[in-house]
Structure formats: C-alpha cells, structure tokens
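Number of protein chains: 2
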Amino acid sequence: MESYADFKQRCQLTDANLWAHFYQLHQSKIDIKKPKIAVAKLKLIFQNMFKLSHDKGFALMTLRDLSRATEMSLGGLYSYIGSKEQVALMVHEFLPYLYQEVVSKHLDEMSNKVEARTIQSKDEQALRLFIMQHIYISEFLQPWFFFAFMEAKYTSPAIKKMALDNEANTHEQLSKLIKKCHSKDNKQRLFLRTMECKSLLQSWYLKRPLYKKQNINPEQYAQYVINQII
Amino acid sequence: MESYADFKQRCQLTDANLWAHFYQLHQSKIDIKKPKIAVAKLKLIFQNMFKLSHDKGFALMTLRDLSRATEMSLGGLYSYIGSKEQVALMVHEFLPYLYQEVVSKHLDEMSNKVEARTIQSKDEQALRLFIMQHIYISEFLQPWFFFAFMEAKYTSPAIKKMALDNEANTHEQLSKLIKKCHSKDNKQRLFLRTMECKSLLQSWYLKRPLYKKQNINPEQYAQYVINQII
DNA sequence: GTCTATATCTGGATAGAC
DNA sequence: GTCTATCCAGATATAGAC
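Going down the list, the protein sequences come from chains A and S.
Take the first sequence: its letters are residues 1 to 230, numbered as in this note's numbering.
Take the second sequence: its letters are residues 1 to 230, numbered as in this note's numbering.
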C-alpha cells in the first residue's frame, strides 16, 4: 500500500500549496490584494479559528477571541473574512474544491498503476484505494474535516445543504464500491457495511488525538479499516 | 437475544418513568413544587430543547426560541431551568444517574439468567450484553445521547470534564470486555477494536434517522455490531 | 493595509404585577 | 405559578484616521 508520505508527494499536498489553493478559491471575497500577505494572514486566521472552534465550538467563538488569538484588530480581521458566517462557508466550500483540484486529477494515473501489478480483483483495489485516499486526505486536512462535521448544522441553510450533499455523495460512492466487492449482500447488509465504513473513516478525524496517543499512524489505520470492510 | 421491548420492560423504561426520574434528580433546582405540573413542563421544555438543539445547535438556540416553541413565557421558563447553561448540565448529569438508578440494578440478575442456558463463553456473553444494552439504552434516550455527544464541548469546563470522564469510563469497560474475548490481540489491536466498537455504538444514535429509513431496528443493529466485534 | 472607536442589535437574566 | 416589561452585557459589523 502506498505510504502517506508518497501520497502527499503524488498529489503535491504541502502546507504552502494548501493555503495558496485556499486563497485562490476565495480571492474575490478578500479585500487585501497582495497575495503574499493575504496567504500568510489567511493561514494565521484559519489555524487559530480551527483551534478556538475545536475548544469551544464555532458559535461560542467570538471574533474578539479570534482577533486576540491572531493578534489582529477586529477591523483588520474583517478585511479578510467578510462576516462570521462567511468564515464557516469558506471552509465548507473549500473541501470539495480541493478534492477536485488536487486529488481527483491523480485518480486515473493511480488506478492504472495498481492494476498492472496486483493479483487482487479490480473492484477490491478500487475500494482499497478509496478508503486509503479518504484517510490520507482527512489526515492532511484533519482540522478541516473535524470542523465540517461538527459545525455543519450551526450555519445557514445553504451550508447545511452543501454539507448534506457532500455526505450523501460519499455514501453513494462508497456504497457502489462495496456492492461490487460483496455482491451477495442484501440491501440492508450493504447499507450496514457502508455505514460501518463511514463511521470508521469519521473516527479517524474526529478522534485523531486518541489514535496519536497510541502511536497509530495513517497507514496502520487504513490497513485496519480495509481488513474490516473487505 | 433479548428484544428491545423485553429490555424496556425489564428495566421499567417507560416515557412516564423517564421524566419522573428526571424530575427527581433535579427537584431541588426547580422553583415549581407541584410534581405533576413540573414533570409535564419539564418534558415539554426538554423535548423542544432537543429538537431546536438538534436543528441549530445548543449555542445558537436562544431561550426566546425555546419559549416560543414551548409556548411559555421567558419568565416561566426560568422557574424551571435556572439558566441556559444549567439546561445542558441537567442533561449531562442525568445520563449517569439514570444508568445507576435503572439499568445497573438489573445487571446481576441478567448475567445469571444468561449463564445458565448458553454454550457461549461467559466473557463473550458479557461483551454481547454490554453492546446490546448500550444500543437499547441509546435507542430509548436517542435525543439525550445525541445532545451529550454533540454539545459536550460547548459548555462549561465542569461539564466538559464530566463528559470526558463518562467517555473514558465506557472505553475502559469496553476494552476490558474485548480483551477477554480476544486475548491474543496486542495493545494496538485491542485499542483499534475498542474504538471500532465505540464508533459503531455512536453511529446508532448519531445517525438514527438513516437507519430508520432503511427499516433497521435495534435488534438487527445490535446483532450486526456483535458479529463485527466478537 | 491596519488600527481605534463606535453604532447597533441581540439575547440572557430579573423584578414585580397578576 | 405564570406573565410582561425591562435591564444590561457582550457580540457583530462599520466608519474613518493613520
């Protein structure tokens, strides 16, 4: 199985790239026009936002908290974020965007590579790949995934719908992949297996600190999930 | 395996009993002294609170929302709840209380009954019982469990600590039970299995509507989890 | 581009009539 | 026991100086 480090390299997932992509997506909404400054400040703002939001929840985090943590003034903050609601929106919009921009581009290339040198069935490989990929991405974007899950409902109906659509979409994809590997399952069993897989994937980013404490790395966890599901 | 209906009967878990216990625990903090009135209003208040809190989150739910939903005045509300924070506290305190009061009393009786008529090992039966029991309780108290999980961090440090302790306690119990059934597991594997079990248990009350849509009942789900873990 | 100062509003909480 | 009216802290958001 591909290692987490290889995966990041293959998809060019570096810290610098991440924030550059984030800036690129939201450029139009941000008052500050010099990219270098903007990217650095966005990183500062959102890293602190994730931390505060993790500790007390987005709704209870005030923009004063955030301005204190970033050592920016309230006015300064507002030239980046537009409004508090928009902060949440920016995160929710970014996840599907990054997936499109970065990860899906490398999908074909990868599945070809795999096909050539394996004895496992193609369907099984596709499922493995999906699971592995999900764990690796959610490892790289752990605070983002955590935020998206925990704060989906605390914002406007538009965001809520987007989050639900993302969720339903993942479920659909996963269900199709599992169905091919377990063709004998009836409808309910397929559903249970799909839910189980999603729970295991969620557990990784919702309870990351616990896994860290036990020294379990992404590769080991991916292997475990694959064994349980396939 | 015991059915959900039998379980409720055995532990005398009825809707009326539930709210009576709730009133009993918090009697001292409530201004209203006639039990009949108080119990009915508490039910009204907390059922609406769970609904609002599920939809927009506890932090964004205002007491004005709650007063509108319950058709009570703000002043009226305050004679039951003391403060907004106390509302959350009352829920978090109730869960371990009810477990003590109602469920644990029937534990010995049950494990004896099981022992007599089974070919499975005692350790395995204990684990089965724990899983089944957890799913049945969280079925009966679904809104309570959902609230406790999603809103644990949005309240005072005292509550947060209580929620974390409850969580750690469940983990410990479960881990011990699993260890006896899978004595060959190393430390990491035991941990992964325990986490998996907790994820599956959580999934039941976090995503209850999805299971409902597929017509999966508590018995089926309990059976599925037991098969996966044992 | 960043800051200070401030306008405006919302929501938790209480006092006191009925 | 329940309601109306009100207080006031604290939050978002903006205007305008530097």
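Cβ coordinates follow ideal geometry from the N, Cα and C atoms, glycine included.
From a predicted model like this one, the values you see are computed outputs, not experimental measurements.
Q) When DSSP labels each residue in this structure, what does I45/S get in the three-state scheme? A) helix
Q) Within this structure, are the beta carbons of T70/A and I37/A separated by less than 8 Å? A) no
Q. Closest to F22/S by CA distance: which of F94/S, K153/S, I178/S and R64/S is it?
A. F94/S
Q: Say yes only if the C-beta of Q133/S is nearer than 7 Å to one or more non-hydrogen atoms of the ligand GDP, and no if none qualify.
A: As presented, the structure is devoid of all ligands, the ligand GDP included, so that no description of it is given.
Q: For W19/A, I'd like the list of residues in its chain whose CB is within less than 7 Å of its CB, leaving aside the five on either flank, ordered along the chain.
A: Residues V39, L42 and K43 of the same chain have their beta carbon placed closer than 7 Å to that of W19/A, with the five preceding and five following residues left out of the count.
Q. Does the count of Cβ pairs from the region 48 to 67 of chain A and the region 145 to 162 of chain A closer than 8 Å reach three?
A. yes
Q) In its own chain, which residues sit with a C-beta less than 8 Å from the C-beta of S3/A, not counting the 5 before and 5 after it? A) E219
Q) Are there 16 or more other CB atoms within 10 angstroms of the CB of R68/A, so buried, or fewer, so exposed? A) Counting Cβ neighbours within 10 Å, R68/A comes out exposed, since fewer than 16 surround it.
Q. Mind checking A158/A: buried by the 16 CB within 10 Å criterion, or exposed?
A. exposed
Q: Report all residues from its chain with a CB closer than 7 Å to the CB of H171/A; omit the five preceding and five following residues, and keep chain order.
A: T194 and K198
Q) Residues in the region 54 to 88 of chain S with C-beta within 9 Å of chain A's C-beta atoms, listed in sequence order? A) H54, D55, K56, G57, F58, A59 and L60
Q) Which residues bound the alpha helix (DSSP H) around S199/S? A) It spans K187 to L206 - the alpha helix (DSSP H) in which S199/S sits, taken as one unbroken run.
Q.
Below 8 Å on the Cβ atoms is my contact criterion, and I expect A5/S with I131/S to pass it. Report the Cβ-Cβ distance as a whole number of Å.
A. About 18 Å; that fails the 8 Å criterion.
Q. In or out: Q235/S buried (at least 16 other Cβ within 10 Å) or exposed?
A. No answer is possible for residue 235/S: the residues shown for chain S start at 1 and end at 230.
Q. Is it right to say N215/S is buried, meaning 16 or more other beta carbons lie within 10 angstroms of its own, or is it exposed?
A. Exposure of N215/S is indicated by the presence of fewer than 16 other C-beta atoms within 10 angstroms of its C-beta.
(Q) Counting only C-beta atoms, is Q27/S closer than 8 Å to chain A at any point? (A) no
Q: Report, in whole angstroms, the separation of the C-beta atoms of L60/S and Y154/A, which I expect to be a contact under 8 Å.
A: 6 Å
Q) According to DSSP, is A126/A helix, strand or coil? A) helix
Q | Residue range of the unbroken alpha helix (DSSP H) whose run includes T70/A | A | L63 to T70
Q: Alpha carbon to alpha carbon, how far is Y205/S from K33/A? Give it in angstroms, no decimals.
A: Approximately 47 Å between the Cα atoms of the pair.
Q) Just the Cα atoms here: how many angstroms apart are I178/S and K184/S? A) 11 Å
Q) So with Cβ pairs under 8 Å, would you call S156/S a contact of chain A? A) no
**Q.** Nearest to F249/S (by Cα), restricted to the options H26/S, A88/S, P96/S and L200/S
**A.** Residue 249/S is absent from the model: chain S starts at 1 and stops at 230.
Q: Please name the residue in Q100/A, G82/A, L200/A and L127/A whose C-alpha comes closest to that of K176/A.
A: If we check each option's Cα against that of K176/A, L127/A comes out closest.
(Q) Alpha carbons only, please: which of P96/A, K212/A and Q142/A is nearest the one belonging to E167/A? (A) P96/A
Q.
Pop quiz: V103/A and Q125/A are said to be a contact at Cβ under 8 Å. What is the actual Cβ separation, rounded to whole angstroms?
A. For V103/A against Q125/A, the beta-carbon gap comes to about 17 Å, at or over 8 Å, which does not count as contact.
Q: Report all residues from its chain with a CB closer than 7 Å to the CB of R208/A; omit the five preceding and five following residues, and keep chain order.
A: A distance below 7 Å between beta-carbons, with the five flanking residues on each side excluded, links R208/A to the following residues of its chain, in chain order: Q142.
(Q) Taking the alpha carbon of V225/S as the reference point, which residue from L192/A, A152/A, L164/A and K213/A has its own alpha carbon closest? (A) L192/A
Q | CB contact below 8 Å: Y136/S versus chain A | A | no
**Q.** Alpha carbon of Y136/A to alpha carbon of L13/A, nearest angstrom
**A.** 11 Å
Q | Distance, Y211/S Cα to Q188/A Cα | A | 9 Å
Q) What residues of chain A sit near Y224/S, judged by a beta carbon separation below 7 Å? A) Y224/S reaches chain A at L192, counting residues in chain order whose Cβ is nearer than 7 Å.
(Q) Going by C-alpha to C-alpha distance, which of L66/S, M1/S, R64/S and E101/S sits closest to N17/S? (A) Nearest C-alpha to N17/S: E101/S.
Q. Residues of chain A with a CB under 8 Å from the CB of K232/S: which are they?
A. Nothing about residue 232/S can be reported from this structure: the residues present for chain S run from 1 to 230 only.
Q.
Taking CB distances under 8 Å as the criterion, tell me whether L200/A reaches chain S.
A. Taking Cβ atoms only, chain S reaches closer than 8 Å to L200/A, which makes this a yes.
Q | Test item: CB-CB of D31/A and S73/A under 8 Å | A | For D31/A and S73/A, no; Cβs fall outside 8 Å.
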